[in-house]
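For reference, the structure discussed in these notes is given below.
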Amino acid sequence: MNESIVLYDGECNFCNKWVCFAKNNLKKNDISFLPFTSTKAINILNDYKIINQNSVVYIKEDVVSLKSRAVLKICRQLKLPYNLLYFLNILPSFLLIYAMIL
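Residue numbers (my numbering): 9 to 110.
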């Protein structure tokens, strides 16, 4: 699977606006964005045994990333300057979570 899959909360206005922003700023159209409530997303969540997920999920080549790591992997696929945010990936998870809150 070369295409990335992003699962997100389709009922969240912020999430929907962020997905629109990401779609408009992708380098290539190689990410499928699916709301958690879609049949395909439910099947994917079940296939990967992801339970009670209430944050973004990023899947590429059978590797699952959640929350802030998922957001950074999406950023890596965006146009400049947004893809530069991927460099935050070098931070440990606890710092990343704190940085995302600020």
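A virtual CB, placed ideally from N, CA and C, is assigned to each residue, including glycine.
Identity of the residues DSSP links to residue i by a beta bridge
i: VAL65; result: LEU15, LEU74
i: PHE41; result: VAL14
Where the alpha helix (DSSP H) through residue i begins and ends
i: PHE29; result: 21 to 32
i: ASN54; result: 47 to 55
Buried/exposed call for residue i, threshold 16 Cβ in 10 Å
i: LEU86; result: buried
i: ILE67; result: buried
i: ILE39; result: buried
i: VAL71; result: exposed
i: LYS25; result: exposed
i: CYS28; result: exposed
Secondary structure of residue i, DSSP reduced to three states
i: LEU86; result: strand
i: LYS118; result: Only positions 9 to 110 of the chain appear in the structure, and residue 118 is not among them; the question remains open.
i: ASN91; result: helix
i: ILE59; result: coil
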